[in-house]
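Take 0 as the starting number for the sequence shown in numbering that gives the first Met the number 0 and just add one per residue.
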Amino acid sequence: MKEQEDSALVALAVDGDQRAFRELVERHQARAFRTALSILKHEDQARDVAQDAFVKIYTKLPEFRGQAAFTTWLHRIVSNLCIDRIRKTKRHGEVEYDDARSHGPQTAASGSTLASVYLDGPGRALERSELREQMGRALESLSDSHREVLVMREVDGLSYEELAEALEVAKGTVMSRLFHARKKFMNAMSGYLHAR
């Protein structure tokens, strides 16, 4: 149902309906930001990428054919912009990872994270922070393609079919890439997990 509504809004926006485009942005801006944040680990950069994604979408609306869901198209654009930004950052020097900036203050309303699921309890704030930091380092250790597929599957919850569409690869390639991404992520986490 939502996909049909998105397609209808895209069609209206292509015809120049500014309200339809504004509704698309309002409907999906939080998702675009979450995707960018999960890849970049930096709130300001994630906001910039989310905004850039909708600017790009606006200019490319006539190219959207509706063969994939609008959300799949959005994921692909956000992910590509994130990867471009990471590559530029690496060319111009590393940026220090700041866990507090990437996660912000944790509140009950923000929902449970992997850290809070496994390390629940008020006295465990330091351990949760260490786990988040280690998970961030583990993600950063992955190649761009492995980080992208892992985030899109585990954080954004895309199906294999949606991943194949978003990444423009075969479903078998998605499954293989995801298998290797998970394996490398767990290897990067193993030292931390065994020390617990």
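Even for Gly, the Cβ is constructed at its ideal location relative to N, Cα and C.
Legend entry - the segment 174–181 touching the segment 145–162, judged by at least three CB pairs closer than 8 Å: They touch, by the three-pair rule.
Legend entry - Anticipated Cβ contact below 8 Å, ILE38 with SER6, distance rounded: What you label residue 38 is simply residue 39 of the sequence shown in a count that begins at 1. What you label residue 6 is simply residue 7 of the sequence shown in a count that begins at 1. Actually they do not touch by this definition, with Cβ atoms about 26 Å apart.
Inset, instruction - Determine the burial state of ILE58: buried for a count of at least 16 other Cβ atoms within 10 Å of its Cβ, exposed for fewer. - result: Walking along the sequence shown from the start, residue 58 turns up at place 59. According to the sequence as given, residue 58 is Thr; it is not Ile. Exposed, because fewer than 16 other Cβ atoms sit within 10 Å of the Cβ of THR58.
Legend entry - Buried or exposed by the 16-neighbour rule on C-beta atoms within 10 Å, applied to ARG131: Counted from its first residue, the sequence shown places residue 131 at position 132. Burial check for ARG131: the Cβ neighbour count within 10 Å reaches 16 or more, so the residue is buried.
Inset, instruction - Ignore the nearest five residues each way along the sequence and tell me which others in LEU23's own chain have a CB closer than 6 Å to its CB. - result: Your numbering for residue 23 matches position 24 in the sequence shown. Contacts found: LEU8.
Legend entry - Runs of alpha helix (DSSP H) lying entirely within the segment 20–92, each at least 4 residues, in chain order: If we require 4 residues or more, the alpha helix (DSSP H) runs fully inside the segment 20–92 come out as 42–59 and 69–90.
Inset, instruction - Mind reading off the beta-carbon distance from ALA68 to GLU167? Whole number of angstroms is fine, and I expect it under 8 Å. - result: Mapped onto the sequence shown, residue 68 falls at position 69. Mapped onto the sequence shown, residue 167 falls at position 168. Not really, about 14 Å apart at Cβ, beyond 8 Å.
Legend entry - Burial state of ARG84 (16 or more Cβ within 10 Å): The count along the sequence shown starts at 1 and reaches residue 84 at position 85. Counting the other CB atoms within 10 Å of its CB gives ARG84 a total of 16 or more, which places it among the buried residues.
Inset, instruction - Let me know if GLU139 comes out buried or exposed under the rule of 16 or more other beta-carbons within 10 Å of its beta-carbon. - result: Within the sequence shown, numbered from 1, the residue matching residue 139 stands at position 140. It is exposed - the Cβ of GLU139 has fewer than 16 other Cβ atoms within 10 Å.
Legend entry - Integer-rounded CB distance, given that THR34 should sit under 8 Å from ASP155: Here residue 155 refers to the residue found at position 156 when the sequence shown is read from its first residue. Here residue 34 refers to the residue found at position 35 when the sequence shown is read from its first residue. About 6 Å separates the two Cβ atoms, so the contact holds.
Inset, instruction - Can you tell me which of the three DSSP states GLY15 falls into? - result: What you label residue 15 is simply residue 16 of the sequence shown in a count that begins at 1. GLY15 falls in the coil class under three-state DSSP.
Inset, instruction - Using the Cα positions of ALA169 and ALA163, report the straight-line distance between them to the nearest angstrom. - result: To locate residue 169, count along the sequence shown from 1; it is residue 170. To locate residue 163, count along the sequence shown from 1; it is residue 164. One C-alpha to the other measures close to 6 Å.
Legend entry - For ALA187, the three-state DSSP class (helix, strand or coil): The residue given as residue 187 occupies position 188 in the sequence shown. Helix, per DSSP.
Legend entry - Start-to-end residues for the alpha helix (DSSP H) that takes in SER144: Indexing the sequence shown from 1 puts residue 144 at position 145. Element bounds for SER144: 143–149.
Inset, instruction - Just the C-alpha distance for TYR159 and ARG181, rounded to the nearest angstrom, thanks. - result: Taking the sequence shown and counting its residues from 1, the one referred to as residue 159 is at position 160. Taking the sequence shown and counting its residues from 1, the one referred to as residue 181 is at position 182. Approximately 15 Å between the Cα atoms of the pair.
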